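Shown next, in structure tokens, is the structure this report addresses.
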Amino acid sequence: VVSTISGYTGGHVDNPTYQQVSHEDTGHYESVKVTYDPDKLSYDQLVRYYFHHVDPTDAGGQFCDRGESYRTAIFVSDDAERAVAEAEADDAAGELGKPVVTNIADATTFWPAETYHQDYYKKNPLKYRYYRSACGRDARVKSLWGADTAGH
């Protein structure tokens with residue numbers, strides 16, 4: 586992965602703020618724009634990694650973050666990406682033995698989040714570690730996918 590940017594996408598409000606998105610009336614997902622080198626990492630590897638680090642069976646959000654903006658989604662740029670994402674979702678459903686509810690949708694405008702959201706886990710390592718523990722993120726991911734997938 587070359588870079589990541591925290592932000593918002595999939596909604597109907599231009600240049601939304603965290604405050605707007607968290608009120609659940611913009612249609613946006615909290616999201617991450619990932620730039621990667623396809624010579625080092627394939628798209629299917631990236632999508633598989635994503636699925637193994639979330640709970641793709643939870644339609645209500647992720648861990649203690651609840652609401653539409655916290656649901657899982659993959660925003661695709663073309664039919665080839667859609668086919669890969671759908672195949673990986675099917676594989677994940679097979680591994681888990683239950684339906685995957687991750688939305689696979691066409692990419693829309695990506696709006697970068699406020700500066701304080703960028704690299705939050707690096708800027709606030711203690712708060713982030715507490716969040717992961719208190720919300721049960723690592724325990725849930727481990728229960729779904731096994732011990733090797735709970736970290737970054």
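The sequence shown lines up with residues 586 to 737 when you count with the numbering used here.
Every residue, glycine too, gets a C-beta built ideally from N, C-alpha and C.
These figures come from a predicted structure and were not determined experimentally.
Problem set entry | For ARG717 and ALA644, the rounded distance between their alpha carbons | 19 angstroms
Exercise. Going by other Cβ atoms of all chains shown within 10 Å of its Cβ, with 16 needed for buried, is ASP640 buried or exposed?
Worked result: buried
Exercise. Which one of THR594, ALA719, ALA668, SER654 has the shortest CA to CA distance from VAL619?
Worked result: THR594
Problem set entry | Cα-Cα separation, GLN703 to PRO697 | Taking the straight line joining both Cα atoms gives about 9 angstroms.
Exercise. Expressed to the nearest angstrom, what Euclidean distance is found between the alpha-carbon atoms of TRP730 and HIS597?
Worked result: 34 angstroms
Exercise. So, is SER616 buried or exposed, given that buried needs 16 or more other C-beta atoms within 10 angstroms?
Worked result: buried
Exercise. Taking ASP664 as the reference, which of SER728, ALA692, ALA724 has the closest Cα?
Worked result: ALA692 is the residue among SER728, ALA692, ALA724 whose C-alpha sits nearest the C-alpha of ASP664.
Exercise. If you draw a straight line from the C-alpha of GLY721 to the C-alpha of PHE648, how long is it?
Worked result: 6 angstroms
Problem set entry | Status (buried if at least 16 other CB within 10 Å, exposed otherwise) for ARG623 | The residue asked about is misnamed: residue 623 is Pro in this sequence, not Arg. Per the 10 Å Cβ criterion, exposed.
For this session: For ASN550, write down the residues that DSSP places opposite it in a beta bridge.
Result: In the structure as shown, the chain starts at 586 and stops at 737, and residue 550 therefore has no counterpart that could be examined.
Problem set entry | Those runs of the alpha helix (DSSP H) which lie wholly inside the segment 592-642 and span at least 4 residues | 603-607, 628-636
Exercise. So, are the CB atoms of GLU671 and ILE659 less than 7 angstroms apart?
Worked result: no
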